[in-house]
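The structure appears below as structure tokens.
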Amino acid sequence: MATILIHPDTASATRATAERLLATIRANPAAVLGMATGGTMEPVYTALIARAAETGQSLAGLHTFNLDEYIGLAGDHPQSYRTTMDRLLFDHVDIPHDQTHLPRGDATDPATEAFDYEAQIEAAGGIDLQLLGIGANGHVGFNEPSSSLASRTRIKRLARSTIEANARFFGAGEQVPTHAITMGIGTIMKARRLLMLATGNGKAEAVAAALEGPVTASCPASILQFHPEATVILDQEAAAELKWRDFYEDIHPGGQEVYFADRS
Ligand code: GLP
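With the first letter of the sequence shown counted as 1, position 162 gets the number 162 in this note's numbering; the numbers rise by one all the way through.
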């Protein structure tokens, strides 16, 4: 069972996620971090930038690997995940750009790019902490329902509902990509620790299915139940459908994890 931390509000859940990233960096300034995109992560990166500046914590020793990238978008496309990550985080901290990795969406051979990306993660020593959001249909990265639970980095077709959900980031009339290169579920499971953040009632159903439903490819995030070091941070709305919510709140009142400082 993952450690489930239910926070009083979204701001607190977001702050706690940023603090946990910072604690990981403090404990190991040369950590390999797995990064995630999505609206949920935007305030996390804003908080991380602010806290790193306040505490004087350098990010220069980190290596980062993002979960995924749209196929067909060059790194300098305004909606590419590369541009998004630069804008939200990398341009505001001291990590050298060449230590930040995303699959190249405009690679001439995306299948080889995906294979090489997996090898780059291995060569870096594997991911110490993988940050994760969750799609409303239970996807992680771009591993849509029916993805193999053992999958590695590869090309995935996006579900219609995911394309529609992500259309908000694109201009009117602009074509939303239909394919992505994404770390596989097996890739994500190899990370030494997982940290999922979900906020808002749009995620409540997926969160309940992932944490309390059967482990199934129909809900890729349910694989977290098999990870020995998974933490899930939720706000009240994202926790709304959890059957054992009282229990989680008894163990971690207000989303506080007593032993966190010892484990970072
Ligand atoms: C995309 C990303 C996922 C992310 C999901 C949810 O599909 N590939 O990594 O978890 O969006 O995004 P949001 O946080 O905007 O709801």
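Where a beta carbon is used, it is the ideal one built from N, C-alpha and C, also for glycine.
Asked	Found
Let me know if Arg-15 comes out buried or exposed under the rule of 16 or more other beta-carbons within 10 Å of its beta-carbon.	buried
Could you have a look at Ala-11 and say whether DSSP puts it in helix, strand or coil?	helix
Jot down the residue ranges of each uninterrupted beta strand (DSSP E) in the stretch 177-236, minimum 3 residues, whole runs only, in chain order.	179-182, 193-198, 230-234
Beta carbon of Ala-13, beta carbon of Gly-255: below 8 Å?	yes
Can you tell me the Cα-Cα spacing of Ala-70 and Glu-144, whole angstroms?	Strictly speaking, residue 70 in this sequence is Tyr, with Ala absent from that position. Tyr-70 and Glu-144: Cα-Cα distance of roughly 14 Å.
Spatial neighbours of Ile-49 within its chain, please: C-beta separation below 7 Å, excluding the five flanking residues on both sides.	Leu-89, His-92, Val-93
Could you give the residue range of the alpha helix (DSSP H) that holds Ile-163?	160-166
By alpha-carbon positions, which one of His-101, Arg-26, Gly-72, Lys-243 ends up nearest to Ala-204?	Lys-243
Spatial neighbours of Ala-18 within its chain, please: C-beta separation below 7 Å, excluding the five flanking residues on both sides.	Val-44, Ala-47, Leu-48, Arg-51
Give the range of the alpha helix (DSSP H) segment to which Gln-120 is assigned.	110-123
Within this structure, are the beta carbons of Leu-224 and Met-196 separated by less than 8 Å?	yes
Alpha carbons only, please: which of Asp-246, Asn-137, Thr-153, Glu-122 is nearest the one belonging to Val-207?	Asn-137
Closer than 8 Å by C-beta to Pro-220: which residues in its own chain qualify, once you throw out the five before and the five after it? Chain order, please.	Gly-138, His-139, Val-140, Asn-143, Glu-144, Pro-145, Ser-147, Leu-149, Ile-185
Going by beta-carbon coordinates alone, are His-101 and Phe-65 separated by less than 8 Å?	yes
If I measure Cβ to Cβ from Ala-53 and keep anything under 8 Å in the same chain, skipping five residues before and after, which residues do I get?	none
Taking the Cβ atom as the reference point for each residue, do Ala-265 and Leu-211 lie within a distance shorter than 8 Å?	This structure does not reach residue 265, given that the chain is present from 1 up to 264, and the question cannot be answered.
The beta strand (DSSP E) spanning Phe-142 covers which residue range?	It is not in any beta strand (DSSP E) - Phe-142 carries neither H nor E in the DSSP assignment.
Within its chain, find whatever has a CB closer than 8 Å to the CB of Thr-199; leave out the 5 residues flanking it on each side and keep chain order.	Thr-10, Ala-13, Thr-14, Thr-40, Leu-234, Asp-235, Glu-237, Ala-238
What do you reckon, is the C-beta of Phe-65 under 7 Å from a heavy atom of ligand 1?	no
Per DSSP, what are the beta-bridge partners of Val-32 in this structure?	His-63
Count the other C-beta atoms from every protein chain shown that fall within 10 angstroms of the C-beta of Ser-222, then say buried if there are 16 or more, exposed otherwise.	buried
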